[in-house]
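Numbers in this note's numbering are just positions in the sequence shown, counted from 1, shifted up by 216.
Let me begin by presenting the structure, written as C-alpha cells, before commenting on it.
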Amino acid sequence: MKEQADHRDGTFTFEINKAEKLCIVVGKGRISFDSSVQSMHTLADDPAFDPDYNIIVDLRDISYHPTYKEVLDIKNNLVFMKASFRKKIAIVTTGFRMALAELVSRFSQLNGMTVSAFNNIDAAREWMAED
Numbered sequence: 217m218k219e220q221a222d223h224r225d226g227t228f229t230f231e232i233n234k235a236e237k238l239c240i241v242v243g244k245g246r247i248s249f250d251s252s253v254q255s256m257h258t259l260a261d262d263p264a265f266d267p268d269y270n271i272i273v274d275l276r277d278i279s280y281h282p283t284y285k286e287v288l289d290i291k292n293n294l295v296f297m298k299a300s301f302r303k304k305i306a307i308v309t310t311g312f313r314m315a316l317a318e319l320v321s322r323f324s325q326l327n328g329m330t331v332s333a334f335n336n337i338d339a340a341r342e343w344m345a346e347d
C-alpha cells in the first residue's frame with residue numbers, strides 16, 4: 217500500500233491489485249481539494265498503475281466539506297485525466313457527500329467517463345464485476 221500525506225491531518229493511500237485489475241484508493245482524515253487532485257496525479261503516474269484498471273475511491277472516513285466550485289473542479293480534473301482513467305471509477309461515501317459524489321458522477325458521465333457513487337464497498341465491487 218502506498219501513501220501520500222496531505223499537509224493537514226489526512227492521507228490518501230492506494231493499493232494496486234494487478235490480478236484483479238483494480239486499484240483501491242482510501243482517504244482518511246482531514247483532506248483538502250489540493251490533496252484530492254494530487255492523489256489523482258500520483259495514482260496516474262505510478263508505474264504499477266494501468267489506465268485500464270477499475271478504481272474504487274473510498275471516502276467514508278474523510279473530513280472534507282468541498283464547495284460547489286471544488287466539486288466541479290474535481291470533476292474537471294477527472295475529465296482532463298480521462299485517458300489515465302479509462303475504466304470504471306466507483307466513489308464510495310456516505311452522508312451529505314453522497315449527493316456530491318453523485319454530482320461528480322453525473323457530470324463525469326456526461327463527459328464520457330464511467331463513474332458512479334455508492335454507499336458501500338460491496339455494491340461498488342458488484343458494479344465493477346458487471347460488463
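Note that beta-carbon positions come from the ideal geometry of N, C-alpha and C, so glycine has one too.
Is it right to say Thr309 is buried, meaning 16 or more other beta carbons lie within 10 angstroms of its own, or is it exposed?
Taking the first residue of the sequence shown as 1, we reach residue 309 at position 93. Thr309 should be labelled buried.
Closest to Phe323 by C-alpha separation, out of His257, Asp262, Arg341, Val287, would be which residue?
Sequence index remark: in the sequence shown, residue 323 carries index 107 (1-based). Here the closest residue by C-alpha is Val287.
Can you list the beta strand (DSSP E) stretches of 3 or more residues lying completely in the stretch 257 to 300, in chain order?
270 to 278
With DSSP run on the structure shown, which of helix, strand or coil describes Ser332?
Here residue 332 refers to the residue found at position 116 of the sequence shown. Correct three-state label for Ser332: strand.
For Glu236, write down the residues that DSSP places opposite it in a beta bridge.
Stepping through the sequence shown from its first residue, residue 236 is reached at position 20. Glu236 is not bridged to any residue.
Local conformation of Ile247 per DSSP, three classes:
One-based indexing of the sequence shown puts residue 247 at position 31. If DSSP states are grouped into helix, strand and coil, Ile247 belongs with coil.
Which residues DSSP lists as bridging Val320, in chain order:
As a first step, residue 320 is located in the sequence shown; it is residue number 104 there, counting from the start. BP columns for Val320 are empty, so no partner.
Whole angstroms are fine: how far does the CA of Pro282 sit from the CA of Asn293?
Looking up residue 293 in the sequence shown gives position 77. Looking up residue 282 in the sequence shown gives position 66. So the two alpha carbons sit approximately 15 angstroms from each other.
What is the C-beta distance between Val320 and Ile290, in whole angstroms, given that I count them as a contact (C-beta under 8 angstroms)?
Taking the first residue of the sequence shown as position 1, residue 320 is located at position 104. Taking the first residue of the sequence shown as position 1, residue 290 is located at position 74. With 8 angstroms as the limit, Val320 and Ile290 qualify as a contact, their Cβ atoms being about 6 angstroms apart.
C-alpha distance - His223 paired with Ala339, whole-angstrom precision
In the sequence shown, the residue the question calls residue 223 occupies position 7. In the sequence shown, the residue the question calls residue 339 occupies position 123. Note on His223: pLDDT 40, under 50, position unreliable in the model; no value is reported.
Taking 7 angstroms as the cut-off, decide whether the C-beta atoms of Ala271 and Ile305 are in contact.
Numbered from its first residue, the sequence shown carries residue 271 at position 55. Numbered from its first residue, the sequence shown carries residue 305 at position 89. The displayed chain sequence assigns Ile, not Ala, to residue 271. Contact flag set, yes.
Cβ neighbours of Thr330 in the same chain (closer than 6 angstroms, five flanking residues each side left out):
Counted from its first residue, the sequence shown places residue 330 at position 114. Cβ within range, chain order: Lys304.
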